[in-house]
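In order, the protein sequence lines correspond to chains F and G.
Take 839 as the starting number for the first sequence in my numbering and just add one per residue.
Take 839 as the starting number for the second sequence in my numbering and just add one per residue.
Backbone N, C-alpha and C define an ideal beta-carbon position, used for all residues, glycine too.
Report on the structure given below.
There are 2 protein chains.
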Amino acid sequence: MTGPSENCTAQGRIDLKLPQRILLGPGPSIADPRVLRAMAAPLVGHLDPEFLRLMNGVMEGLRLVFETQNQLTLPMSGTGSAGMETCLVNLLEPGDRAAICINGVFGQRMADIAERAGARVTRIEAPWGRAFDPATIKEALAKEKFDVVAIVHAETSTGVLQPLEEIGQIVREHGALFVVDAVTSLGGVRVGVDRHLIDACYSGTQKCLSCPPGLSPVTFGPQAMQKLQSRKTKVQSWYLDLTMIAQYWGAERVYHHTAPISMMYALAESLNIVLEEGLAAREERHRAISRLFVEGLAELGLEPFVPAEIRAPMLVTVKVPDGVDEAAVRKFLLDRHNIEIGGGLGPLKGKIWRVGLMGSSCTENNVLLLLEGLRRALAAARA
Amino acid sequence: MTGPSENCTAQGRIDLKLPQRILLGPGPSIADPRVLRAMAAPLVGHLDPEFLRLMNGVMEGLRLVFETQNQLTLPMSGTGSAGMETCLVNLLEPGDRAAICINGVFGQRMADIAERAGARVTRIEAPWGRAFDPATIKEALAKEKFDVVAIVHAETSTGVLQPLEEIGQIVREHGALFVVDAVTSLGGVRVGVDRHLIDACYSGTQKCLSCPPGLSPVTFGPQAMQKLQSRKTKVQSWYLDLTMIAQYWGAERVYHHTAPISMMYALAESLNIVLEEGLAAREERHRAISRLFVEGLAELGLEPFVPAEIRAPMLVTVKVPDGVDEAAVRKFLLDRHNIEIGGGLGPLKGKIWRVGLMGSSCTENNVLLLLEGLRRALAAARA
């Protein structure tokens, strides 16, 4: 460095001394130490036979976690939003019709991306903090013909867990492809890709998989593959073009781009951890710890933002009481107790906190710590 | 896992036992142990004030390595090809004219991406293994008006180091933006973004920066920023949209996507290592070690593919002698001695080896090891 600055040490180096945080925000979650150790192993080449074996293992592990038989199941080399863009730009061509269900930030983002891909987008809207009734979707599809219908499983901006039952069947009968955002849900609650008739699904590594951010697992079913193979135009993104990426992950092993090797080690180990615990036990843990937290909230006089029946266990949103400065509470928790929680986005800014209880962050002791921290932060805010 | 397979252990786990390789291929290079340790630190949140401080440090470090004053200098959340796509989709709108200089795979890739962005592309071609004469480019620009002119600094598919002198001036006088691919060169030889009048430049972390793959440093100069701000259409990729990403890296800190935290730790430490050594000393090391290797090749009766004056020191391509099975040589090196080198791509498949002497891989002992390994591999191939 040319000289010291506030971002560097006196020796002009980028300062890597970082605090130890308890990550209870909307992501990243705490990465398991096993995952961090796996990530730090020396690199092998991205075409090394031993790395190709690891890639196959990751694909198998992801199929189990997505609960799918889909051959094309792999991590994209970007974070969750890259997975969102992957699904939409590969399945949509200019002029295609997309129905996007919007009840939060991530539904909005899907609509934005679909429009950038040249699709004609219809927005099916529900209030932020509420889920979609399958009947609403059925009605919307009855009025107009769509190529793709997309919905968010766990809306990270509101804490709503969208029930997926019935919707896949409605979309399939309509002849459209069903795309589901499972960024926050995968590894926390079961997504059941095949059972829910999902044609394309994407996730992120830094939520309930408790792996650092940097990869986005996606899975494409047979109907989605058919669309991919019958496209009339090239996928607009070269980097996210699954017609090419599938050739690197498939038998051909055609070089596309250099895979993020270390992140792949991390994901492999995080899949091992998820599968050792088991999807059912993991869902039960997320539900139980979440209940514990919500019970504790009541004792503090706090209320969850989302009704119990559609509340995402891994992301509990909490109403900010009148007269409390929500940012000051978060700052108190972070500065005094190294606890990170999130604030609201968009119309919910200043109105809710977002508490992530995801993967390795989702423990009874973290809930106890946060409740006591919140009690003190609220007392300070009201003092 | 449901059961054991060839990719998992008998316990059904994804097997993370991987060999220790000497990485002397076209990337990834060997990551410095300091980088791997930095990467394995516990995560902080992507909006944590301490992480924002680290991001500022990374931007400062990247400016020094790119040799630029450009404010918009940051790592994109993807590998080098994501950086290529970032530069092209942000600077090109449908109907814009791009001149792409092609003398290898990565020039071809730029043309493909520019076309997907809706640009009208003119290909300026040179033989694979040769560099462009500035006069050729001047001539091409005299015939037609272009918005963007793009060229590769170190062509990873051929081992050519393109001299950048004069070209920037020609492009600027023509009124176009000058885009340079520095994926393989950055951190090995000096790129000199400001000195060479480069308007937009991108790189990767896994070459001469000796950091794992997963991030792509990019830098945009004032003219490129002007184009960005005067676009009539949205950038077609949401994930790579610099108009939004700049707001996360700038004073506003607007959430865009979750940054790959661990990779950022790794990049910060790798920038520290590069800047401790110094750009001039680092270039000298790459040139000296490269010469040592080429001298050794002569003793083995092998010849470099590229003439000395345009040979990329960090990526030496070697002609495969008649009658030698190039893949068998690579397999021998990998299986017997854990040494990875690369094969040729496209028209050079089977005709050259690609030897990377990049960053931490670029040491005298690695050259000695490879030369002796090659001697044995060639003897075996001829036996």
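In the DSSP assignment, find the alpha helix (DSSP H) that holds Pro1055 of chain G and state where it starts and stops.
First-last for Pro1055 of chain G: Ser1054 to Phe1058, but that is the beta strand (DSSP E), not the alpha helix (DSSP H).
Give the secondary structure of Lys983 of chain G by DSSP, where H, G and I count as helix, E and B as strand, and everything else as coil.
Three-state result, Lys983 of chain G: coil.
Is the beta carbon of Met948 of chain F sitting closer than 9 Å to the one on Leu1053 of chain F?
No Cβ-Cβ contact shorter than 9 Å links Met948 of chain F with Leu1053 of chain F.
Note down, in chain order, all residues in the segment 932-951 of chain G with a beta-carbon under 8 Å from any beta-carbon belonging to chain F.
Listed in sequence order: Arg947, Asp950 and Ile951.
State whether the segment 1036-1051 of chain G contacts the segment 1000-1017 of chain G, with contact taken as three or more CB pairs (one from each stretch) at a distance under 8 Å.
A contact exists between the segment 1036-1051 of chain G and the segment 1000-1017 of chain G.
Does Gly1042 of chain G get closer than 9 Å to chain F when you measure Cβ to Cβ?
Taking CB atoms only, Gly1042 of chain G has a neighbour in chain F less than 9 Å away.
Using 10 angstroms around the beta-carbon of Asn845 of chain G, count the other beta-carbons present and answer buried if the total reaches 16, otherwise exposed.
Under this definition Asn845 of chain G is a buried residue.
Helix, strand or coil: which one does DSSP assign to Lys1045 of chain G?
Coil, per DSSP.
Can you tell me whether Gly1182 of chain G is helix, strand or coil according to DSSP?
In the structure shown, Gly1182 of chain G adopts coil according to DSSP, grouped into three states.
So which of F:Glu931, F:Asp1163, F:Gly967 and F:Met1082 has the shortest CA-CA distance to Thr996 of chain F?
Of F:Glu931, F:Asp1163, F:Gly967 and F:Met1082, the residue nearest in Cα terms is F:Gly967.
Compare the beta carbon distance of Ile852 of chain G and Leu1140 of chain F with 9 Å and say whether it is the shorter of the two.
Contact: no.
Test item: CB-CB of Val1167 of chain F and Leu1212 of chain F under 9 Å
Yes, they are a contact pair.
Under DSSP, the alpha helix (DSSP H) around Leu1130 of chain F begins and ends at which residues?
Note, Leu1130 of chain F: alpha helix (DSSP H), Leu1117 to Glu1137.
Keeping to the same chain, check which residues put their C-beta closer than 7 Å to that of Ile1190 of chain G; ignore five residues upstream and five downstream.
The residues are Phe1143, Thr1155, Val1156, Lys1157, Val1158 and Gly1182.
Per DSSP, Val1193 of chain G forms a beta bridge with which residues?
According to DSSP, which records beta bridges pairwise, Val1193 of chain G is partnered with G:Val1154.
Does any C-beta atom of chain F lie closer than 9 Å to the C-beta of Thr1096 of chain G?
Taking Cβ atoms only, chain F reaches closer than 9 Å to Thr1096 of chain G, which makes this a yes.
Return the first residue and the last residue of the beta strand (DSSP E) that Val1017 of chain F is part of.
That run of the beta strand (DSSP E) goes Leu1015 to Asp1019.
Assign Thr840 of chain F to one of two classes, buried (16 or more other C-beta atoms within 10 Å of its C-beta) or exposed (fewer than that).
Confidence is the limiting factor: at Thr840 of chain F the pLDDT is only 45, short of 50, which leaves the residue's position unreliable, though a coordinate-based value still follows. Burial call: exposed.
Under the assumption that Pro864 of chain G contacts Arg1192 of chain G (Cβ atoms under 8 Å), give the Cβ distance between them as a whole number of angstroms.
Rounded, the Cβ-Cβ distance is 5 Å, consistent with contact.
Return the CA-CA distance between Met897 of chain F and Leu885 of chain F, expressed in angstroms with no decimal places.
One C-alpha to the other measures close to 16 Å.
Neighbour-count burial assignment, Ala1217 of chain G, 16 or more Cβ in a 10 Å radius:
Exposed: under 16 other Cβ atoms inside 10 Å.
Determine, using beta carbons only, whether Lys1189 of chain G comes closer than 9 Å to chain F.
No, because no Cβ of chain F sits closer than 9 Å to the Cβ of Lys1189 of chain G.
For Pro842 of chain F, does the count of other Cβ atoms within 10 angstroms reach 16, so buried, or fall short, so exposed?
Its pLDDT being 47, under 50, Pro842 of chain F is placed unreliably in this model, and the coordinates cannot settle the point.
For the alpha helix (DSSP H) that contains Val1092 of chain G, what are its first and last residues?
No alpha helix (DSSP H) holds Val1092 of chain G; DSSP gives it neither H nor E.
Do you know whose CA, among F:Ala1221, F:Thr1081, F:Leu1105 and F:Pro965, lies nearest Gly1184 of chain F's CA?
Each of F:Ala1221, F:Thr1081, F:Leu1105 and F:Pro965 was checked against the Cα of Gly1184 of chain F, and the nearest Cα belongs to F:Pro965.
Beta-bridge pairing of Val1027 of chain G - partner residues as DSSP gives them:
In the DSSP output, where bridge partners are listed per residue, Val1027 of chain G has G:Leu1024.
For chain F, check one thing: does any of its Cβ atoms lie closer than 9 Å to the Cβ of Ala1084 of chain G?
It does not; no Cβ of chain F falls within 9 Å.
Residues of chain G with CB under 7 Å from Thr917 of chain F, in chain order?
In chain order: Ser915, His1095, Thr1096 and Pro1098.
Just the Cα atoms here: how many angstroms apart are Gln1074 of chain F and Ala920 of chain F?
Using only the alpha carbons, I get a separation of about 13 Å.
Please name the residue, chosen from G:Ile1111, G:Ser1128 and G:Phe944, that lies closest to His1094 of chain F on a Cα-to-Cα basis.
Residue G:Phe944 is the option with its Cα nearest to His1094 of chain F.
Contact between the segment 905-912 of chain F and the segment 981-991 of chain F is defined here as three or more beta-carbon pairs at a separation below 8 Å; is this criterion met?
No, they do not touch.
Closer than 7 Å by C-beta to Arg1129 of chain G: which residues in its own chain qualify, once you throw out the five before and the five after it? Chain order, please.
Once the five neighbours on either side are set aside, Arg1129 of chain G has no close Cβ partner at all.
In the DSSP assignment, find the beta strand (DSSP E) that holds Arg961 of chain F and state where it starts and stops.
For Arg961 of chain F, the enclosing beta strand (DSSP E) has its first and last residue at Arg958 to Glu963.
Of the choices F:Leu1138, F:Met1196 and F:Leu892, whose alpha-carbon is the least far from that of Ala1104 of chain F?
Nearest option by C-alpha distance: F:Leu892.
Do you know how far the Cα of Leu1138 of chain G is from the Cα of Asn1203 of chain G?
For Asn1203 of chain G and Leu1138 of chain G, the distance between alpha carbons rounds to 17 Å.
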